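Chains A and B supply the protein sequences, listed in that same order. Numbers -1 to 124, taken from this note's numbering, label the letters of the first sequence in order. Numbers 116 to 251, taken from this note's numbering, label the letters of the second sequence in order. Using N, Cα and C, we set each Cβ at its ideal position, and we do this for glycine too. Predicted model only: the values in this text are computed from it and were never measured. Worksheet: one structure, shown below.
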Amino acid sequence: MNLEVDIWKKEEGYYLIVLNGRLDRETYEFCERKLEQILDTDIRVLTFDMSNLSYISSMGLRVFLKARKTIEGKGGKVLTANLQPQIAKIFEIVAALPKQHVFASIREADAYFDAIQKKEIEERNK
Amino acid sequence: MKITLPARMESLQEATRFVLSHARAENLPGGRMTDIELGLEEALVNIFQYAYPEGGGEVEISCRIDEGRKFIIEISDAGIPFDVLSVAEPDLSLALEDRQIGGLGVLLIRKLMDDVTYRRERNRNVLTLTVIKTPS
């Protein structure tokens, strides 16, 4: 298998998906199955760490976009961090993600989650 | 330099190896290797699917240099007439929930290659992908 998919639950509602390898015609089904394990849970934020993703084709992009549709449909957010230049280029071509959800590091994505949570708590206490 | 392969997904790896080895021999910059690999994969997948909907058949792939700076990949097949460029591109201006998640492959081919042309010649589909070695 040319792809590894690791799922980490960082906090309640916050998941980190680490992709390692190639997300293409050979591996997309495997990735899709892995994501299905968490897609029906209550996801506030899901971050893809793509530092070790070297290649993505249209089938891989479909998996990503489908996950985004599902999560955003329930009010959650999908973020990415550490995109390699060739992956960033592909994401830009197909407008896979709004620019404000593309982060240079996991730490920045974490900070985004913290900010969302803080805002939600503030609103609840109003 | 030509290679003929069965028109099926299992041929992708060998096709990629063939084309990339020529691209490397022509000293194309590393950054363009992914463009070529992806452009080729998306083109072949479409051909396998639409030119040979019943399966079977072959594709012939050749690589050459034109005018000293154009790396040209020509893919030809004897399937039913199919112009990959006629496939509709997704409307990226729509919100994701209204967007069709399809047609991405064709969009990638168009954007990653410097030129793409299709012709029907002697009952064959001929798709030409061009990557310019040093952008003018």
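- A94 of chain A is positioned such that its CB atom lies no closer than 9 Å to that of F101 of chain A.
- Within a 10 Å sphere around the beta-carbon of G171 of chain B sit fewer than 16 other beta-carbons, which makes this residue exposed.
- Nearest to L155 of chain B by alpha-carbon distance, out of B:P168, B:A138, B:E212, B:E169, is B:A138.
- Taking 9 Å as the CB threshold, E152 of chain B lines the interface with chain A.
- Among the residues facing chain B, V92 of chain A is included, as its CB has a counterpart in that chain under 9 Å away.
- Annotation for G194 of chain B: A166, Y167, G172 place their beta carbon closer than 6 Å to its own, counting only its chain and skipping 5 residues before and after.
- Interface with chain A (9 Å Cβ-Cβ cutoff): L135 of chain B is excluded.
- Residues of the segment 15 to 43 of chain A that bring their beta carbon within less than 8 Å of a beta carbon in chain B comprise D22, R23, in sequence order.
- Residues of chain A whose Cβ lies closer than 8 Å to the Cβ of M124 of chain B are, in chain order, R23.
- Residue pairing by DSSP puts L44 of chain A in a beta bridge opposite A:Y13, A:V76.
- The Cβ of R214 of chain B sits closer than 9 Å to at least one Cβ of chain A.
- For S55 of chain A, the C-beta contacts it makes with chain B under 7 Å involve L153, E156, E157, in order along the chain.
- The Cβ atoms of I88 of chain A and L223 of chain B lie closer than 9 Å to each other.
- In summary, D112 of chain A is exposed, with fewer than 16 beta-carbon neighbours lying within 10 Å of its beta-carbon over all protein chains present.
- Under the Cβ criterion of 9 Å, Q84 of chain A is counted among the residues facing chain B.
- Under the three-state reduction of DSSP, F186 of chain B is assigned to strand.
- Taking 9 Å as the cut-off, the beta carbon of N0 of chain A is found closer than this to the beta carbon of R20 of chain A.
- Residue-level contact check: G146 of chain B touches chain A, since one or more beta carbons of chain A fall below 9 Å from its beta carbon.
- Around V160 of chain B, the beta-carbon contacts reaching into chain A at under 9 Å are R23, S55, S56, M57.
- Here the C-alpha atom of L59 of chain A lies approximately 36 Å from the C-alpha atom of R237 of chain B.
- Around the Cβ of T119 of chain B, a 10 Å sphere holds fewer than 16 other Cβ atoms; the residue is exposed.
- Contact between F46 of chain A and I5 of chain A does not hold, since their C-beta atoms are separated by about 11 Å, which reaches or exceeds 8 Å.
- The beta carbon of M148 of chain B lies closer than 8 Å to those of L135, A138, R139 in the same chain, with the five residues before and after it left out.
- In the DSSP assignment, L120 of chain B falls within the beta strand (DSSP E) that extends over 117 to 121.
- Put simply, the CB of T249 of chain B is far from chain A, with every gap to its CB atoms at 9 Å or more.
- If you draw a straight line from the Cα of I151 of chain B to the Cα of V231 of chain B, it is about 12 Å long.
- Each residue's CA atom was taken as its position, placing M228 of chain B and E118 of chain A some 45 Å apart.
- In the same chain as L143 of chain B, and ignoring 5 residues on each side of it, the C-beta atoms closer than 8 Å to its own belong to I151, F186, V246, K248, in chain order.
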